[in-house]
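Same order as they appear, the protein sequences are chains X and D. Numbers given in my numbering equal positions in the first sequence, counted from 1, plus 199. Numbers given in my numbering equal positions in the second sequence, counted from 1, plus 803.
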Amino acid sequence: MLRFIGKRLWDGGLTLAALVTLTFFVMRLAPGGPFSRSRKISPEVLANIQAAFHLDEPVWKQFARYVWGLLHLDLGPSTRFRDYSVSDLILSGLPYSLTIGFWAVVVASLVGVSLGIIGALRRNQPADYLAGLIGVVGIAVPIFVIGPLCQLVFGLKLGWLPVGGSGQGWRSLVLPVLVLSLPNIAYISRLTRSSMIETLRENYVRTARAKGLGGGRVLRAHVLRGALLPVVAYLGPATAAIITGSILIETVFAVPGIGRHFVDAALNRDYPLVMGITLLYGALLIFFNIGTDLLRGWMDPRLRHGR
Amino acid sequence: MTAEPLLSLRGLTVDFRLPQGVMRAVDRVSFDLAPGEVLGIVGESGSGKSQILFSLMGLLASNGTVGGQAVFQGQDLLSLRPKELDRVRGTSLSMIFQDPMTSLNPYMRVGDQLAEGLILHKGLSRSAARAEAVAMLDRVRIPDAAARARRYPHEFSGGMRQRVMIAMALLVRPALLLADEPTTALDVTIQAQVLDLMAELAREIGTAIILVTHDLGVVARLCDRVVVLYGGRIMEQGPAEALFEAPAHPYARGLLQATPRLDEALTPRLGTIPGTPRSGGAMLPGCPFEPRCPLRLPVCAQVQPALTARGGTLAACHLEAER
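What follows is the structure, encoded as C-alpha cells:
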C-alpha cells in the first residue's frame, strides 16, 4: 500500500516535471511576449523591463532560472500584475475558488447520485423523466445563461440572495455553488443512472435476489458499490477541475477566484502566472487521481491486484 | 404419486413481450416433484427449460409474465407477495446458476456472501453465520475453507466458484434446489465432480433437485425422473430408466441418438436431428416438433397431441397413439 502510494507520487513528480518543461517552451514558441501588446514604449524602456524579468537571456537560461526558483518554492513575479508574485495571486484567489468548488462537488455528488439512482429504479416513469430533464437542462444551458437568470430571479426579483461578490458569507456562496454544480449534477446523474441499470442486470444481483434478500438490501449490499465505481472514477479528475475555479462563474458572480487567471494569464502572455496556474492544476489533478485510485482500490478488490 | 408432492406445476406458462409480439417460452407445463426426488429437464437451447426455473424463483426478465400454478409446500409460488417470496427463497427454495464466473458479487468476501442469507432469514449472529458458512465451504471441499472464506470471488477458479454457489444454495437447507445447467461453463474434467458433489450433498440434506441440462449423460447418472422439453412443451416425461430404455417420442429418441456412448463405439456416425430448434414466434396449432420430425403425420401440423401413457412414460405424440 505505502509502496503503491510512493510509486504513484514518484510518477506524479515526473509528470509535473514534464508538464513544467513542456509548458515553459511551448509558451515561448507562441508569438508575442508579455509586453508586446502594451502601449508604445521606447526601445530603451522595453529593454529595461525585459532585463528586469530576465527575458533578454537565452531561453535555456530562463528555464534554468525558473526551475531553480521552483525548487525554492518561488513561482516568480507576475509580468502583468506588477508588485504581485504569482504565489500572492494564487494564494489570494484560491480560497474563493476552493470554497465554491468544494461545495459544488459536494452538492453535485449528492444530488447527481440520488437523481441517478431514482432514475434507474423508476426507469421510464415520471421521476426518471424529471431527472432526465434536469440532466438535459444542466448540460445544455450554458452557465452564462443560467447564472444571470438565477441572479435575476433569486437576487433581484425575490431578493433572497446577493447577486454576486463575496462579502455576505454563505449567502454569497449559494448561487455560484448552485450554478457551478448544475452541469455536474447533470453529468453525474446520467452516469449513475446508466451504471446502475447495467449493474442491476448483473448475474450477481440476480443471485442476491435469489437468496431472498429483499429489494432494499439487494440495493445497498450488492448494487450500489458496483454502480458507483464509474462515478468515483469521474469525480477524481472532475474535482481538480471544479475546485480550481471557473472563469464563467467568477465573471458572472464577481468572485475574486483564480479561475479567471486560466484565460487572462494566457492572453496577457503572463509567463510566470501561466506556469504557476498550470502547475497548480497539474498537481491537483495528480493528487486527486491518486486519491481516486486508492478509493477505487478500497471499493473493488479486483483492482488491488498487483500492488 | 403416493406422498404429497413437494412441488406441483399445473399449466405453467411463460410469455415474453417482444417488439414483434408475444413469444410463448413455456406452454402449459405440468409435473409433480416428490420430496428428495431428482428431476432432470432436458431440451435444446431455447426450449424454455431455464425459464421454468426462473419463473419459479420470481426472476423472470421484466418483459416476462407467468401463468398457471406452481404449488410448493402448500403455497402457490406464482401468486406470492414479494415479502413472502423472499421468505421462501431464503429458506426453502434455492437456485444455482449457469455461470459461476459472474454469479458471485465481486466486491464481497465469499464468506460474507454465504453468511448474509443466514443472518437475515435464520436470525443467526454474524459470527455464528460465518462459522456455518465455513463449515459448508468445507463440505463442498474448498481446501482451507476458513481462510478462503475471507477471499474474494476473483481469487477462486470457475469450479471453486460453482462449489461456493452450491454451498450458498444448500446452506439454508432448502427443500428444493433449482440447478440451471450448473456445469455448462466449467471444464469438462471437473463437471462430473461438481455435479456429484451437488447431488451427494442434496441427498444428505434431503433436498429435492430440478436439474436443467442438455447433457443426457448427466441426467442418466443423477436423475430419478426426466422431462423432455421442446418448444416450451413437454414432449415426454417419465422415470429416467424407462425413458432411456425405450423413448416413445421421436424427439426424445433423436436426442438419445445424438448422444455419444462409450459402449457403442462402433456406430459409424452420431445421429443428428435435422433443422434448427424453433425460436419463439407464434405458437403452432400442432406439435412444435412437427417441422423437424422424421415421422410426422398429416395430423401433427393440425392438432396438438396430449400426454398419454406409453410403455413406462408419458409422451405427447400422435404417432405412437395411432399404432
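We put the beta carbon where it would ideally sit given N, CA and C, even for glycine.
- Between the segment 322–337 of chain X and the segment 412–428 of chain X, the count of C-beta pairs closer than 8 Å stays below three; the two stretches do not touch.
- Residues of chain X whose Cβ lies closer than 8 Å to the Cβ of P909 (chain D) are, in chain order, Y403, G425, D499, P500, R501.
- Excluding the 5 residues flanking it on each side, R953 (chain D) has same chain C-beta neighbours closer than 7 Å at R912, G914, in chain order.
- For the segment 917–932 of chain D, residues whose beta-carbon sits nearer than 8 Å to a beta-carbon of chain X comprise E919, G920, L923, H924.
- By the criterion of at least three beta-carbon pairs nearer than 8 Å, the segment 427–446 of chain X is not in contact with the segment 929–949 of chain D.
- Taking a Cβ-Cβ cut-off of 8 Å, L1014 (chain D) has no neighbours in chain X, whose nearest Cβ is about 16 Å from it.
- Each residue's CA atom was taken as its position, placing F1047 (chain D) and G846 (chain D) some 14 Å apart.
- The C-alpha of L215 (chain X) is placed about 11 Å away from the C-alpha of F486 (chain X).
- Note on geometry: alpha-carbon atoms of V1102 (chain D) and E1093 (chain D) lie some 10 Å from one another.
- Between the segment 349–363 of chain X and the segment 415–429 of chain X, the count of C-beta pairs closer than 8 Å stays below three; the two stretches do not touch.
- Neighbours of R408 (chain X) across chain D, judged by C-beta separation under 9 Å: M860, G861, L862, D889, R892.
- Closer than 8 Å to the CB of Y1033 (chain D) there is not a single CB belonging to chain X.
- The alpha-carbon separation between A931 (chain D) and L372 (chain X) amounts to approximately 52 Å.
- Short of 6 Å from the beta carbon of G839 (chain D), and not among the five residues preceding or following it, lie these beta carbons of its own chain, in chain order: G1009, A1011.
- Here A1109 (chain D) is exposed, its C-beta having fewer than 16 other C-beta atoms within 10 Å.
- Taken atom to atom, the span from the alpha-carbon of L379 (chain X) to that of A439 (chain X) is near 14 Å.
- Counting C-beta atoms within 10 angstroms of its own C-beta, S445 (chain X) has 16 or more neighbours from the protein chains shown and is therefore classed as buried.
- Neighbourhood of L412 (chain X) in chain D, by CB distance below 8 Å: D889, G893, E919, G920, L923, in chain order.
- Using a 10 angstroms sphere on the CB of T491 (chain X), the tally of other CB atoms reaches 16 or more, which defines it as buried.
- Chain D places a beta carbon closer than 8 Å to that of H421 (chain X), counting this residue as a contact.
- T1111 (chain D) sits in a strand when the DSSP states are folded into three classes.
- Per the coordinates, the alpha-carbon of A873 (chain D) lies some 15 Å from the alpha-carbon of S853 (chain D).
- For A453 (chain X), the number of other beta carbons within 10 angstroms of its own is below 16, and it is reported as exposed.
- Counting only unbroken stretches of 4 or more residues, the alpha helix (DSSP H) elements lying wholly within the segment 1008–1092 of chain D are 1019–1025, 1043–1048, 1053–1060, in sequence order.
- For S882 (chain D), no alpha helix (DSSP H) encloses it, and the DSSP letter there is neither H nor E.
- Collapsing the DSSP output to three states places P341 (chain X) in coil.
- Here the segment 350–357 of chain X does not lie against the segment 390–401 of chain X, with fewer than 3 beta-carbon pairs under 8 Å apart.
- One Cα belongs to T220 (chain X), the other to Q367 (chain X), and the distance between them is close to 41 Å.
- E1003 (chain D) is positioned such that its CB atom lies no closer than 8 Å to that of Q901 (chain D).
- Within 10 angstroms of the beta-carbon of T986 (chain D) lie 16 or more other beta-carbons, which makes it buried.
- S960 (chain D) does not reach chain X, its nearest Cβ partner there being about 15 Å away, counting only Cβ pairs nearer than 9 Å.
- In the three-state reduction of the DSSP assignment, G311 (chain X) falls in the helix class, which pools H, G and I.
- Taking C-beta separations shorter than 8 Å and ignoring five residues to either side along the sequence, the partners of A1055 (chain D) in its chain run V1031, M1038, E1039, L1046, A1118, following chain order.
- Counting the other CB atoms within 10 Å of its CB gives N383 (chain X) a total of 16 or more, which places it among the buried residues.
- Between the alpha carbons of K356 (chain X) and I345 (chain X) lies a gap of roughly 15 Å.
- For R831 (chain D), the secondary structure class from DSSP, reduced to helix, strand or coil, is strand.
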